[in-house]
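Everything below concerns the one structure shown next.
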Amino acid sequence: MARYAHIKDSVALITLTNPPVNALSAAVRHGITESVTRALRDPTVKAVVLCGENGKFCGGADIREFAGPMTGPAFVPMLDDIEAGDKPVVAAIEGMALGGGLELALCCHYRIAHSKARLGLPEVTLGLLPAAGGTQRLPRLIGIPASLELITTGRHISAQEALKLGIVDQVTDKNACEVAVEFAQRVMDKPLESRRVSQQTVQCPPDLEALLENTMVQVKKRARGAIAPVACVKAVRAAATLPYKQGMERERDMMGTLFNSGQARALQYFFFAQRAVGKWSLPSGACWNNTKPKPVHRAAVIGLGTMGRGITVSLVAAGVSVVAVEVGEKQLQAGKQMVMAILERQAQKKGVAAPLDLLRFSNNLKDIGGVDLVIEAVFEDMALKKQIFKELSSVCKIDTLLCTNTSGLDIDVLASITGRPQQVVGMHFFAPAHMMKLLEVVHGRHSSPEAVATAMSLGKKMGKVSVAVGNCPGFVGNRMLMPYVEQANFLLEEGATPEQVDQALEEFGFAMGVFRMSDLSGLDVGWRVRKEAGLTGPSVAATESPRKRQGRRYGPIADLICEQGRLGQKTGCGWYLYDRPGGREAKPDPWIRRFLEEYRTKHGLKARAIDKQEILDRCLFSLINEGFRALEDGIAAGPEDVDVIYVFGYSWPRHMGGPMFYAGMVGLARVLERLEHYHQAHPDVPSLQPSTLLRRLVASGSPPVQQWRGFIKRMRSQL
Ligand SMILES: CC/C=C\C=C\CC(=O)SCCNC(=O)CCNC(=O)[C@H](O)C(C)(C)COP(=O)(O)OP(=O)(O)OC[C@H]1O[C@@H](n2cnc3c(N)ncnc32)[C@H](O)[C@@H]1OP(=O)(O)O
């Protein structure tokens, strides 16, 4: 859909009309083709302005159409015709010009942008490359280094940056469409040769080869195993080294490969998954569009350890005024210094003043009486948290929302201490909280929809991707992590080394394998949780077998390592060796090798060769199996929630869509068959026993992941 209007003084105005973002659906492309042809044929039209309805130029291709057969006019010839036409076409960019939207603007002869507009070629984030000439026109317009950066990152830029780079000709604070019409009137008689970007020569820097090489190294490091960024570098190389027509052929060929790849499907699924999690719902039927959040102007953070500091920074950066409370004077001062330093660094980067006036520090809980919301972020100790929640319910005003940043403790227990359980929710941030995007908002048995809506909306305000989850040990993310870590430990017992397990997981695409990640976060974190759960420590009876707990297999290796004072990077050794406490470079440690050999001998275990496939199958499928269980119990509302949690919180490679999407890609029947196989081999490991949901999905023909929500609903209603 595109509206055509012949307006004053020989200018035709073509308006893209496809809310919400005027995406280039088949109908829109059809509308543009018809309108441009009409304008070019009309002798009374001397210039054309292209704009988008509702202050949005164009959000690019209609991503929903990628899943079906391609219909409608081909985009590349349409753009070539616009550029080759003998009448100047001016793009009036308001709101956004992204992907195909920017490619459409690049084939116009002039571009005028509103000062608030955002521009970019984000195709790489969808597993694609800009294949309507974007990789060939942009380098001709702004040179190789800048276009390489924009195309390989998919970064959206401001109109001001676009002007500086030479992507747009003018930036305006006025109505861009009206400015473009006036502009069109001024240029209608000017020659167009120099305005056809495809006809320009590419300015190559002298160090072209080194630049391309370095960028290739960077993109491979940034997203291990992702094919789209690599193709983007190759396409820009083609722009630098080949004539336009051949460059376009390279672009098209690579797009063909990418478009049909599993990675593109995964990334496009993930685009919609991120938006789906915002549309939360509770088992009671309350949901995002029938529950109003309460405004949060003033908040308190209790505890200024690593988590409390990051949460305080995120709140203040979002414009919320915060009282940060820490009882110990020394910790209070250390926390204060750190929070202020981070806020100042952030403000310096943005070239603005740090919002320190929003911040107050105190060592007295009584100072938080008037706040709208409290986030408790003390040590992960139930007794301590209970004591704080008791105090909070007596010092806070009656309608203050009480949130806990626990990573897995029972929020119903905390709620029961307060006398206002409906106002208690979990807000599980990930470390470092001012940088990590994920927030699990945990609803307990009594949490009111309003409390959940408020925490979700506050999370959004803080720039987090918030996912509503139910209350159970570990919620969704850490619950699924348990069997994953457990399998990794069992693999060590059976003959693998930490570096072998990590290598398999890192080749799969994780930023860090399980052991390197544990060393980074500190081995004592899990140790404390296992002690709390009665799996290790003094509460375990001396008669209990070291490799059995509660009738199931247990791997005590991690406990034994901790008992040696090896707590990871902070102590200079853990699963790996570091050059000093706090060191970052992990080296295989001969001590661990010896320890594992002695351990196996002591327990009569014979080391065997374990291949990468087994490592991946056991670690990933046990995690996925737990994901199915979380869906089955209603702790996770849908597969998108699980996937978003894993990508943002646990570095699951985005181009693999998340664990549940990946299960669908591998084939649910295969996941089931492998789990059955490994469960038969390890019957004392319940996490390998396939979940009922997985079995039922396979029995009903393995429907695609997009249909699981409905399937689960039906399954529940039959119970
Ligand atoms: C024939 C093909 C020709 C050329 C091919 C070119 C390749 C491409 O163009 S690939 C697409 C490139 N474009 C993008 O990647 C942009 C994706 N969209 C966004 O980044 C954002 O949505 C936004 C445009 C910046 C707007 O952000 P925001 O204001 O935060 O709103 P959202 O909640 O993200 O989106 C609102 C609503 O619109 C839907 N949507 C957005 N973009 C598209 C799109 N390109 N195709 C289809 N749908 C889109 C989004 O899903 C939301 O839908 P809801 O149903 O409301 O959730």
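Going by this note's numbering, the sequence shown opens with residue 9, and the numbers climb by one from there. Using N, Cα and C, we set each Cβ at its ideal position, and we do this for glycine too.
Using the Cα positions of THR223 and PRO85, report the straight-line distance between them to the nearest angstrom.
In the sequence shown, residue 223 corresponds to position 215, counting from 1. In the sequence shown, residue 85 corresponds to position 77, counting from 1. Between THR223 and PRO85, the C-alpha separation is close to 30 Å.
CA-to-CA distance, PHE636 to ALA236, given in whole angstroms
What you label residue 236 is simply residue 228 of the sequence shown in a count that begins at 1. What you label residue 636 is simply residue 628 of the sequence shown in a count that begins at 1. Approximately 30 Å, taken between the alpha carbons.
Please state whether DSSP places SER18 in a helix, a strand or coil.
Locating residue 18 in the sequence shown gives position 10, counting from the first residue. Residue state, collapsed to three classes: coil.
Looking at C-alpha atoms only, which residue of VAL473, SER415, ILE383 is the closest neighbour of GLN431?
Residue numbering aside, residue 431 sits at position 423 when the sequence shown is read from its first letter. Closest by alpha carbon: ILE383.
Do the region 89-104 and the region 147-157 make contact, defined as three or more Cβ pairs closer than 8 Å?
no
Buried or exposed by the 16-neighbour rule on C-beta atoms within 10 Å, applied to MET104
Here residue 104 is taken as the residue at index 96 of the sequence shown, counted from 1. By the neighbour-count rule (16 or more Cβ atoms within 10 Å), MET104 is buried.
Which residues bound the alpha helix (DSSP H) around ILE396?
Along the sequence shown, read from residue 1 onward, the residue named residue 396 stands at position 388. Start and end: 390-403.
At a cut of 8 Å, does the region 133-148 reach the region 201-209 through at least three beta carbon pairs?
yes
Go through its chain and collect everything with a Cβ distance to HIS305's Cβ below 8 Å, but skip five positions before and after it.
As a working mapping, residue 305 is identified with position 297 in the sequence shown. Leaving aside the five residues that flank HIS305 on each side, the residues in its chain whose CB is nearer than 8 Å to its CB run, in chain order, VAL328, SER329, ASP380.
What is the DSSP secondary structure of ARG557, counted as helix, strand or coil?
Counting from one through the sequence shown, the residue named residue 557 turns up at place 549. Here ARG557 sits in strand by DSSP.
Since CYS59 and GLU91 should fall inside the 8 Å C-beta cutoff, what is the C-beta to C-beta distance between them, to a whole number of angstroms?
Here the question's residue 59 lines up with position 51 in the sequence shown. Here the question's residue 91 lines up with position 83 in the sequence shown. Actually they are not in contact, since the Cβ atoms of CYS59 and GLU91 sit about 18 Å apart, beyond 8 Å.
At least three beta-carbon pairs within less than 8 Å, the region 287-302 to the region 322-342:
no
Continuous alpha helix (DSSP H) assignments of at least 4 residues falling wholly in the region 570-629:
598-610
In the DSSP assignment, the alpha helix (DSSP H) including VAL379 goes from what residue to what residue?
By one-based count along the sequence shown, residue 379 stands at place 371. VAL379 -> no alpha helix (DSSP H), and no H or E assigned at all.
Give me the Cα-Cα distance between VAL53 and VAL195, rounded to the nearest whole angstrom.
Counting from 1 along the sequence shown, the entry for residue 53 is found at position 45. Counting from 1 along the sequence shown, the entry for residue 195 is found at position 187. About 13 Å.
In this structure, does DSSP put GLY434 in helix, strand or coil?
Position 426 of the sequence shown, counting from 1, holds the residue named residue 434. In this structure, GLY434 counts as strand in the three-state DSSP scheme.
Would the beta-carbon of MET315 fall within 7 Å of that of ALA234?
Taking the sequence shown and counting its residues from 1, the one referred to as residue 315 is at position 307. Taking the sequence shown and counting its residues from 1, the one referred to as residue 234 is at position 226. No, they are not a contact pair.
Residue of THR41, ALA55, GLY39 minimising C-alpha distance to SER4:
Residue 4 lies beyond the stretch modelled for the chain, which goes from 9 to 727, so this question has no answer here.
Would you mind stating whether GLY434 and THR408 have Cβ atoms separated by less than 7 Å?
What you label residue 434 is simply residue 426 of the sequence shown in a count that begins at 1. What you label residue 408 is simply residue 400 of the sequence shown in a count that begins at 1. Result no, Cβ atoms of GLY434 and THR408 do not sit closer than 7 Å.
Mind checking whether the beta-carbon of GLU552 lies closer than 6 Å to any heavy atom of ligand 1?
Within the sequence shown, numbered from 1, the residue matching residue 552 stands at position 544. Checking every heavy atom of ligand 1 against the Cβ of GLU552, none is found closer than 6 Å.
Answer yes or no: the CB of VAL69 versus the heavy atoms of ligand 1, is any distance below 6 Å?
Within the sequence shown, the letter at position 61 stands for residue 69. Looking at the sequence shown, residue 69 is not Val but Ala. Result yes, Cβ under 6 Å from ligand 1.
Go through its chain and collect everything with a Cβ distance to GLY343's Cβ below 6 Å, but skip five positions before and after it.
Taking the first residue of the sequence shown as position 1, residue 343 is located at position 335. Once the five neighbours on either side are set aside, the close Cβ partners of GLY343 are LEU312, ARG317, GLU334.
Inter-residue CB distance, VAL57 and VAL179 (contact presumed, cutoff 8 Å):
Position 49 of the sequence shown holds residue 57. Position 171 of the sequence shown holds residue 179. VAL57 to VAL179, Cβ: 16 Å. No contact.
Take ILE281 and list the residues in its own chain whose beta-carbon comes closer than 6 Å to its own, dropping the five residues that flank it on each side.
Start at 1 with the first residue of the sequence shown, and residue 281 comes out as number 273. A small fix is needed here, since residue 281 is Ala in this sequence, not Ile. Taken in chain order, the residues that qualify are GLU648, ASP651, VAL652.
Alpha-carbon to alpha-carbon, VAL347 and HIS340:
Translated into the one-based positions of the sequence shown, residue 340 becomes position 332. Translated into the one-based positions of the sequence shown, residue 347 becomes position 339. Sequence check: residue 340 is Leu here, not His. So the two alpha carbons sit approximately 10 Å from each other.
Is the beta carbon of ALA423 closer than 7 Å to that of HIS451?
Sequence index remark: in the sequence shown, residue 451 carries index 443 (1-based). Sequence index remark: in the sequence shown, residue 423 carries index 415 (1-based). Going by C-beta atoms, HIS451 is not nearer than 7 Å to ALA423.
Is the beta carbon of ALA677 closer than 7 Å to that of VAL706?
The residue given as residue 706 occupies position 698 in the sequence shown. The residue given as residue 677 occupies position 669 in the sequence shown. Going by C-beta atoms, VAL706 is nearer than 7 Å to ALA677.
Among GLY482, ASP587, SER456, whose alpha-carbon lies nearest the alpha-carbon of SER292?
For the purposes of this step, residue 292 is identified with residue 284 of the sequence shown, where counting begins at 1. The residue with the shortest Cα to Cα distance from SER292 is SER456.
What residues match up with MET104 in a beta bridge as DSSP calls it?
Residue numbering aside, residue 104 sits at position 96 when the sequence shown is read from its first letter. ARG126.
C-alpha distance - ALA461 paired with GLU157, whole-angstrom precision:
Within the sequence shown, the letter at position 453 stands for residue 461. Within the sequence shown, the letter at position 149 stands for residue 157. Near 38 Å, if we compare the C-alpha coordinates of GLU157 and ALA461.
Taking only the alpha-carbon atoms, compute the straight-line gap between GLU42 and ALA10 and give it to the nearest angstrom.
Here residue 42 is taken as the residue at index 34 of the sequence shown, counted from 1. Here residue 10 is taken as the residue at index 2 of the sequence shown, counted from 1. Between the alpha carbons of GLU42 and ALA10 lies a distance of about 9 Å.
Regarding GLU131 and ligand 1, is the C-beta to nearest heavy atom distance less than 6 Å?
What you label residue 131 is simply residue 123 of the sequence shown in a count that begins at 1. Result yes, Cβ under 6 Å from ligand 1.
With PRO77 and HIS38 assumed to form a contact (beta carbons below 8 Å), what rounded beta-carbon distance in angstroms separates them?
Reading the sequence shown from its first residue, position 69 is the one you call residue 77. Reading the sequence shown from its first residue, position 30 is the one you call residue 38. That pair is no contact at about 16 Å.
Just verifying my parser: in three-state terms, what is the DSSP assignment at GLN495?
Walking along the sequence shown from the start, residue 495 turns up at place 487. Correct three-state label for GLN495: helix.
What do you reckon, is the C-beta of VAL548 under 6 Å from a heavy atom of ligand 1?
The sequence position of residue 548 within the sequence shown is 540, counting from 1. No.
Suppose contacts are defined by Cβ-Cβ distances below 7 Å. Is HIS663 in contact with LEU275 by that definition?
Looking up residue 663 in the sequence shown gives position 655. Looking up residue 275 in the sequence shown gives position 267. Closer than 7 Å, so yes.
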